[in-house]
Amino acid sequence: MTRVLLVSQYYWPESFTITSEVARLAHEGFEVTVLTGQPNYPEGRIFAGYSAFSIRQELVEGIEVIRVPLVPRGHGSGLRLILNYLSFMVSGLLIAPFILRGRHFDVVFVFGLSPLIQALPAILISKIKRAGLVLWVQDLWPESLSATGFVRSPVLLGIVRLTIRFIYRNCTGILVQSDAFRPPVAALSPPNAKIEYVPNSGQSFEKNARPSDAARKLGEQIGQSFSVVFAGNLGRAQGLDTVLESLELLRDLPDVQVFLVGSGSLDVWLEQERSLRNLTMLHLPGRFDPADMPEILLNASALLVSLRKEEIFSLTVPSKMQTYLSVGRPIIASLDGEGARILSEAGAGLAAPAGDPSALASAIRCMASLQPMERSAMGLSGQRYFDRHFAPDRITALLSENLTAAARRGMRP
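For the sequence shown, the positions run 1 to 413 when the UniProt record's numbering is used.
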């Protein structure tokens, strides 16, 4: 039995795909322990029942989860986000080795969302435990820091680049969630590094989950018109300014209703802009639990995914793409590069260039003009593409293969 330590700043009850992936790995016979922080994403407040500066051990679906202290991310403050990133890294470096003393692991596995510096404590632990180290790159650093405007200083970006080079060079294996990530990751990796493409499978939903009354009510509202639903984080990377500008071009279509379901750093801005622009077709119902999402997504006429127009985001495949494909609804995308390529290859919807409100408005207008059977055919095509390329069992098998190989190549005696 391969003993895995997952290092991820985010884990259940925060809504991230890694929770489902860990459950599948455990089902395949891996003995998984999770090192994570106190849940606070995306609202920026510590979830009820948890404490920011506590050390907590609990069982989540039979998997041991160890939570170390961190500063909650807050809501929109760059300083708080920096403290959030650094506090998990410091807790991982100073506290985690003591909590894990006497335990044995064959491989340390990092779910590499931002902040990628969470890999630094994983490196230390892998050295102490003489274990392999696998990094699953979900975000590119320093590129994403620069693209979102979070870090503008060339000196700081240079320091981050050196840090990421150090991280990559201490990995036994590197996995990337987008095939387009290979060149930039390879540029900071050792010449002989083997970089494997392992895509995300998207959000898994419980088959028998019962939606809340609020979700059922929202689903009914969504089903009453031609509805476009965006689900997920409402932040700077999502290009939501483009979405709002596109809606101003659709005022002549009163039957088109757009729902941005989720929360994030732009919550207040979105409310203000909806009022200032008088966007009566825009709805901001807030965040819902994963168990509620099938009720919401399946009632949509089309699903929306968008990212800012930046080179880094053209390389990224947002994980909601796989989730959308899996539920069999047509997709409207404001994307460049890899995400747009997948949508086109799947035949699952319409893509507009990122940052182009006119093109996005045209795509929404075109989707609204299609017959329901035509939209259903797009959704079915996307679902079939998901089954071929992103099915959970396939992704779990790829992870299993790479984790097992890294464990064999690790430094265990």
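Idealized CB from N, CA, C, for every residue including glycine.
What's the gap between the Cα of residue i and the Cα of residue j?
i, j, result
"Leu247", "Ala48", "37 Å"
"Glu64", "Ala359", "48 Å"
"Val71", "Leu140", "23 Å"
"Val229", "Gly239", "15 Å"
"Gly202", "Pro97", "32 Å"
"Val327", "Ser87", "37 Å"
"residue 443", "Thr2", "Any answer about residue 443 is impossible in this case: the structure gives the chain only from 1 up to 413."
"Ala119", "Arg130", "16 Å"
"Ser20", "Ile46", "22 Å"
"Glu401", "Gln38", "30 Å"
"Leu282", "Asp213", "21 Å"
"Leu192", "Ile128", "The displayed chain sequence assigns Asn, not Leu, to residue 192. Straight-line Cα distance between these residues: approximately 24 Å."
"Arg210", "Lys194", "43 Å"
"Ser15", "Pro183", "29 Å"
"Asp241", "Ile332", "16 Å"
"Tyr197", "Ala406", "15 Å"
"Leu133", "Asp106", "9 Å"
"Glu245", "Ile174", "39 Å"
"Leu94", "Ser227", "49 Å"
"Gly73", "Gln272", "One detail in the question is off: residue 73 reads as Arg in this sequence, not Gly. Their backbone Cα atoms lie some 22 Å apart in a straight line."
"Arg341", "Ala180", "11 Å"
"Leu276", "Trp269", "10 Å"
"residue 460", "Val60", "Because residue 460 is not part of the residues shown, which for the chain are 1 to 413, the question remains open."
"Val136", "Ser54", "Before going on, a small fix: residue 136 reads as Trp here, not Val. If you take the alpha carbons of Trp136 and Ser54, they lie about 27 Å apart."
"Gly149", "Gly102", "42 Å"
"Leu250", "Gly78", "34 Å"
"Asp255", "Arg274", "17 Å"
"Gly232", "Leu81", "19 Å"
"Leu157", "Ser369", "46 Å"
In this structure, does DSSP put residue i in helix, strand or coil?
i, result
"Phe230", "strand"
"Leu325", "helix"
"His27", "helix"
"Leu35", "strand"
"Val305", "strand"
"Val317", "coil"
"Pro285", "strand"
"Ala359", "helix"
"Ala193", "coil"
"Arg3", "strand"
"Ala119", "helix"
"Ser126", "helix"
"Thr280", "coil"
"Gln272", "helix"
"Glu310", "coil"
"Arg169", "helix"
"Gln203", "coil"
"Ser153", "coil"
"Gln221", "helix"
"Gly347", "coil"
"Leu298", "coil"
"Gly92", "helix"
What does DSSP give as the partner residue(s) for residue i in the beta ladder?
i, result
"Val71", "None, per the DSSP bridge assignment."
"Leu135", "Val110, Ile174"
"Ile63", "Val60"
"Gln257", "Ser227"
"Leu249", "Partner(s): none; Leu249 has no beta bridge."
"Ala352", "Ser334"
Among the residues of its own chain, which have a CB less than 8 Å from the CB of residue i, if the five just before and after it don't count?
i, result
"Arg216", "Glu295"
"Gly347", "Met378, Ser381, Gly382, Tyr385"
"Glu311", "Glu143, Ala147"
"Met89", "Pro115, Ile117, Gln118, Leu120, Pro121"
"Val305", "Phe230, Pro318, Lys320, Met321, Tyr324, Ile331, Ile332, Ala333, Ser334, Leu335, Gly339"
"Glu374", "none"
Short of 6 Å in beta carbon distance, which residues of its chain neighbour residue i, apart from the five on each side in sequence? Order them along the chain.
i, result
"Asn200", "Thr17, Gln177, Ser319, Gln322"
"Gln57", "Ile66"
"Ser8", "Ile18, Thr36, Phe111"
"Arg161", "Pro142"
"Leu188", "Ile164, Arg165, Tyr168"
"Thr33", "Leu5, Glu64"
"Ala302", "Val228, Pro330, Ile332, Met367"
"Phe205", "Pro294"
For residue i, I'd like the list of residues in its chain whose CB is within less than 7 Å of its CB, leaving aside the five on either flank, ordered along the chain.
i, result
"Ser265", "His75, Gly76, Gly235, Arg236"
"Ser91", "Val68, Pro69, Leu70"
"Ile222", "Val229, Phe259, Ile296, Asn299, Ala300"
"Tyr11", "Ile18, Thr19, Val34, Thr36, Val65"
"Ser344", "Ala351"
"Gly29", "Met1"
"Pro353", "Asp336, Ala359"
Taking only beta-carbon positions, decide if residue i is within less than 9 Å of chain B.
i, result
"Ala52", "Here there is only one protein chain, and chain B is not present."
Mind the definition here: the segment 254-261 touches the segment 155-171 only if three or more C-beta pairs lie below 8 Å; say whether that holds.
no
Spell out a yes or no on whether the segment 314-321 and the segment 269-289 are touching, meaning 3 or more CB-CB pairs, one atom from each, closer than 8 Å.
no
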